[in-house]
Every structure is written in structure tokens, then in C-alpha cells.
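What follows is a single structure, written as C-alpha cells, with notes after it.
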Amino acid sequence: MAQKARKDRAKANTTALRNLHIGTLIVNVIFILFNLLFKGRSLLLYILLSIPAFVCEFILESTGRPKYDSLTNSLKTAGEDLSAPGLTEYMFDVIWVTWISVVLVTFFGNWCWLLWSVVPAYGAYKGFGLLGAARGMAGMQQQAQAQQQQAQVGGNRKQRRAA
Numbered sequence: 025m026a027q028k029a030r031k032d033r034a035k036a037n038t039t040a041l042r043n044l045h046i047g048t049l050i051v052n053v054i055f056i057l058f059n060l061l062f063k064g065r066s067l068l069l070y071i072l073l074s075i076p077a078f079v080c081e082f083i084l085e086s087t088g089r090p091k092y093d094s095l096t097n098s099l100k101t102a103g104e105d106l107s108a109p110g111l112t113e114y115m116f117d118v119i120w121v122t123w124i125s126v127v128l129v130t131f132f133g134n135w136c137w138l139l140w141s142v143v144p145a146y147g148a149y150k151g152f153g154l155l156g157a158a159r160g161m162a163g164m165q166q167q168a169q170a171q172q173q174q175a176q177v178g179g180n181r182k183q184r185r186a187a
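Numbering (my numbering), first residue to last: 25 to 187.
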């Protein structure tokens, strides 16, 4: 039964990665052809703002691609689950926002690169939330230590007088 789940995940990962690579190819070819044939767009911004999407795609490819034994062609590892929430989901979001930005820049101009600012803004928002949670946990720990010290100091009347 577990082998079936691994095979299903390998199949889903392979499909997701194929769709991801095809989408990246289409979006980038459209941008480059439009840039060469019709109107020039900022290639510097295109390269600079596409690097995070390419890095995310590389990471998803290297961790999510199923690996097979070369001799028996049996599944060795199914790869990480590409439908998992968290960092994997955020990497897909970076890629999709980059695609949308590239398409909008292609047809409407360089000002559409401002849409890409959603990516670091969302990252800062999530980071601030994690920082707040960490501070809250540290505050709870300090509060627990203070209560523990009060309990130690409390004791009975003889112990308080002796101190």
C-alpha cells in the first residue's frame, strides 16, 4: 500500500514539474520574442527579477523529481511532496507572480514590474508574523520563569523569615 502512495506522489510530482517547466518556457519565450520583435523592455529588470523564480524552480526540480534505479527502473525515491503547504507553496507563488509580472510587462510596459514587489512584501509579512510568534514564545518562557521564581521565594513563613 505504501508503494502505491509513493508511485502516486511520483506521478503527481512529475506532472507538476512538467507543467511548471512548460509554463516557464512559454512565458519566457513570449517575453523574449516580443522584446526582440516589437517593443524593447528592460532586460536588466527581467533578468534580475526572474532569478528568484529560476532558483525556486531549480529547488523544486531537485527536491521533487522522482528518482529511479537505472538497472531495474524501479522507484527509489518519490521526491518531496510538491503539494505540501509551507515553503514549497511559497516557491510556487514566487514563480506564478513572476510569470504574471513578465506577461504584464510584455503587453503593458515596464511599470508592471512593480507587481513583483508583492513577493518580498508577502515574505516580510510572513517573517514579521514568525518574529511576533517567536517573541510571544520567549515572553511566555520569561513569564514561566518569573512564576517559578515567585514560587521558590514564596515557601512557608519560616523560610521567608530566614531569607
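We put the CB at the ideal spot given by N, CA and C, even for glycine.
Keep in mind the model is a prediction, meaning the values are calculated, not measured.
- Looking only at Arg159, Cys136, Ala148, the smallest Cα-Cα distance to Leu69 is reached by Cys136.
- Comparing alpha carbon positions, the residue from Arg30, Leu155, Asn52, Gly110 closest to Ala77 is Asn52.
- Annotation: Thr130 is outside any beta strand (DSSP E); the continuous alpha helix (DSSP H) that includes it extends over 111 to 132.
- Closest in alpha carbon position to Thr122, among Lys100, Asn43, Val142, Leu61, is Val142.
- The continuous alpha helix (DSSP H) containing Leu67 extends over residues 67 to 88.
- Around the CB of Arg159, fewer than 16 other CB atoms lie within 10 Å, so the residue is classed as exposed.
- Across the set Arg65, Asn37, Lys28, the C-alpha of Arg65 shows the shortest separation from the C-alpha of Val127.
- For Leu41, same chain residues with a beta-carbon under 8 Å away, outside a window of 5 residues either side, are Leu84, Glu85, Gly88, Arg89, Leu106 in chain order.
- When DSSP states are grouped into helix, strand and coil, Lys91 belongs to the strand group.
- According to DSSP, residue pairing for Leu99 in a beta bridge involves Tyr92.
- Contact annotation, Asn59 with Leu67: C-beta distance approximately 7 Å; criterion of less than 8 Å satisfied.
- Between Leu99 and Arg30 the beta-carbon gap is near 6 Å, inside 8 Å, which marks them as a contact.
- In this structure, Asn37 lies near Gly103, with their beta-carbon atoms less than 8 Å apart.
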